[in-house]
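Undergrad: First, the structure itself, so that you have it in front of you.
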Amino acid sequence: MNRLAALWIGLTLLGGSLRGQPQPAGLPVGRFLTDSIEIGRPVQYVFSYHHAPGIDVLFPDTATQFRPFRVTQVAITPTLTTGSLSRDSAVYTLVSFSVDSIQSLHPSVRLVNPADCTLINALPDTVFLRSRLGQPGVTVPGATTLATSVQLAPLQQQFNYPRLLQVVGLLVLGLLVVVLFFGKRLRQQGRLYQLSRRHNRFLAEHDRLMTNLSSETIADTANQVTVAWKEYMERLSGDAYAALTTSEIADLTGDDRVADALRTTDRTIYGGAFSEQSTGALRVLRDVAEQTYVRSRQQILAADTAEPELQPDELP
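Heads up: the sequence shown runs through residues 427 to 742, numbered per my numbering.
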């Protein structure tokens with residue numbers, strides 16, 4: 427009911443203003459229903475356009491053509507045709523947060539033609555900002571006097587981002603210095619650590635399998651020990667031990683004991699014969715792995731020793 431009443435009053439006032447004051451023919455007409463506004467308070471704006479029947483009319487865009495106002499609500503009246511004249515109208519509820527003392531509005535309509543659109547601007551209408559604040563230096567009767575407080579309020583501590591950036595920068599700089607002067611040594615220690623870790627894991631697995639060795643499990647245990655040994659030797663040397671024959675492995679290691687040990691383990695695996703030679707062959711594989719590990723460790727140390735670290739006084 428409030429919306430319909432506002433629409434009726436707006437159209438009545440608009441009709442009265444049209445009768446009391448002549449308007450240029452063919453221009454849209456817009457009027458505020460009040461002559462003054464307050465910040466954040468809604469105000470109604472009546473907008474209408476008279477045109478010939480059969481013409482398509484586009485009313486103003488509420489997102490751009492009502493600045494500095496914001497459109498919060500629109501009440502549209504259906505087109506009313508009387509004889510050879512049609513009228514489109516709408517009531518816009520606006521809100522302004524501008525502090526300008528004088529605020530005007532002149533939206534436009536667009537007439538849709540076969541080729542393009544014709545833009546027609548309305549005459550501007552103005553409202554005045556009514557402020558609830560008193561003038562500077564003028565005391566309003568009954569106004570409350572603010573008391574002065576000297577009590578200090580505790581402030582929340584803020585994080586010191588510049589200091590954090592300084593600390594991070596120093597850490598990065600220190601890391602670069604460490605990598606520059608000690609990077610090769612650190613890489614050497616890393617490779618030695620990985621090598622020792624894999625070797626200890628192999629020895630633990632070999633000893634675990636040998637602990638459960640018996641005449642009933644000799645074939646399965648010998649197979650597991652041989653597979654683990656070949657995988658470990660592949661990691662040490664990079665050669666595909668699993669794809670090589672016994673003779674090729676013996677030539678690769680340069681140790682005749684490897685060929686005898688692998689032949690003995692083959693007879694044990696496929697024949698199931700348990701003897702002291704079977705146990706000795708598995709121990710030979712362990713000894714060969716130990717010797718290969720020692721050589722790999724010496725190669726890492728020799729490679730890093732051949733290229734000494736760059737000292738600070740040797741920098742260009």
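Ideal Cβ positions, reconstructed from N, Cα and C, are used throughout, including at glycine. All of these numbers come straight from a predicted model, not from anything done at the bench.
Look at the alpha carbon of Gly697 and the alpha carbon of Ser704, and state the distance between them as a whole number of angstroms.
TA: Taking the straight line from one Cα to the other gives about 11 Å.
Undergrad: Does the distance from the C-beta atom of Arg558 to that of Ser462 stay below 7 Å?
TA: No, Cβ-Cβ distance for Arg558 and Ser462 is not below 7 Å.
Undergrad: Helix, strand or coil, according to DSSP, for Pro450 in the structure here?
TA: Confidence at Pro450 is low in this model, with a pLDDT of 40, below 50, so the placement of that residue should be treated as unreliable; the coordinate-derived value is given next. Reduced to three states, the DSSP call for Pro450 is coil.
Undergrad: To the nearest angstrom, how far is it from the Cα of Val497 to the Cα of Gly595?
TA: Val497 and Gly595: Cα-Cα distance of roughly 52 Å.
Undergrad: Which value, in whole angstroms, describes the spacing of the CA atoms of Phe523 and Arg467?
TA: Taking the straight line from one Cα to the other gives about 9 Å.
Undergrad: With a floor of 3 residues, list each beta strand (DSSP E) that falls wholly inside the region 577-655, ordered by position along the chain.
TA: Runs of the beta strand (DSSP E) inside the region 577-655: none found.
Undergrad: Could you tell me the distance, in whole angstroms, from the CA atom of Asp526 to the CA atom of Leu601?
TA: C-alpha separation (whole angstroms): 59 Å.
Undergrad: Taking the alpha helix (DSSP H) that Gly697 falls in, what are its first and last residues?
TA: Counting along the chain, the alpha helix (DSSP H) containing Gly697 begins and ends at 682-697.
Undergrad: So, helix, strand or coil for Asp677, using DSSP?
TA: Reduced to three states, the DSSP call for Asp677 is helix.
Undergrad: DSSP state of Ile726, grouped into three classes?
TA: Residue state, collapsed to three classes: helix.
Undergrad: Taking buried to mean at least 16 other C-beta atoms within 10 Å of its own C-beta, is Asp482 buried or exposed?
TA: With fewer than 16 other Cβ atoms within 10 Å, it is exposed.
Undergrad: I believe Ser530 touches Asp514 by the beta-carbon criterion, under 8 Å. Please report the beta-carbon distance rounded to the nearest angstrom.
TA: Rounded, the Cβ-Cβ distance is 22 Å, inconsistent with contact.
Undergrad: Can you find at least 3 beta carbon pairs, one from the region 601-611 and one from the region 715-724, that sit closer than 8 Å?
TA: No, the region 601-611 is not in contact with the region 715-724.
Undergrad: Please report the straight-line C-alpha distance between Glu762 and Thr672, rounded to a whole angstrom.
TA: Nothing about residue 762 can be reported from this structure: the residues present for the chain run from 427 to 742 only.
Undergrad: By alpha-carbon positions, which one of Asp665, Asp682, Gly480 ends up nearest to Asn539?
TA: Here the closest residue by C-alpha is Gly480.
Undergrad: Shortest alpha-carbon distance to Met636 belongs to which of Glu702, Val720, Leu484, His477?
TA: Cα-wise, what sits closest to Met636 is Glu702.
Undergrad: Which residue comes first and which comes last in the beta strand (DSSP E) that contains Thr503?
TA: Note, Thr503: beta strand (DSSP E), 495-508.
Undergrad: Can you give the Cα-Cα distance for Val651 and Glu631, rounded to whole angstroms?
TA: Using only the alpha carbons, I get a separation of about 8 Å.
Undergrad: Quick one: any contact between the region 574-593 and the region 675-683, if contact means 3 or more CB pairs under 8 Å?
TA: The region 574-593 is not in contact with the region 675-683.
Undergrad: Does the beta-carbon distance from Arg536 to Leu549 come in below 7 Å?
TA: Contact flag unset, no.
Undergrad: Cutting at 6 Å between CB atoms, please list the residues of its own chain near Ala648, excluding the five before and the five after it.
TA: If we look at Ala648 and ignore the five residues flanking it on each side, its Cβ neighbours are Thr691, Thr694, Ile695.
Undergrad: Leu629 to Ala687, Cα distance in whole Å?
TA: Leu629 and Ala687: Cα-Cα distance of roughly 18 Å.
Undergrad: Using 10 angstroms around the beta-carbon of Ser510, count the other beta-carbons present and answer buried if the total reaches 16, otherwise exposed.
TA: It counts as exposed.
Undergrad: Between Ala685, Leu453, Ile502, Ala489, which has its C-alpha nearest Phe478's C-alpha?
TA: It is Ala, not Phe, that sits at residue 478 in the sequence shown. If we check each option's Cα against that of Ala478, Leu453 comes out closest.
Undergrad: Just the C-alpha distance for Val455 and Leu581, rounded to the nearest angstrom, thanks.
TA: So the two alpha carbons sit approximately 56 Å from each other.
Undergrad: Would you tell me roughly how many angstroms separate the C-alpha atoms of Gln449 and Val469, rounded to the nearest one?
TA: With a pLDDT of 39 at Gln449, under the threshold of 50, the modelled position of that residue is not reliable, and the figure given next carries that caveat. Near 23 Å, if we compare the C-alpha coordinates of Val469 and Gln449.
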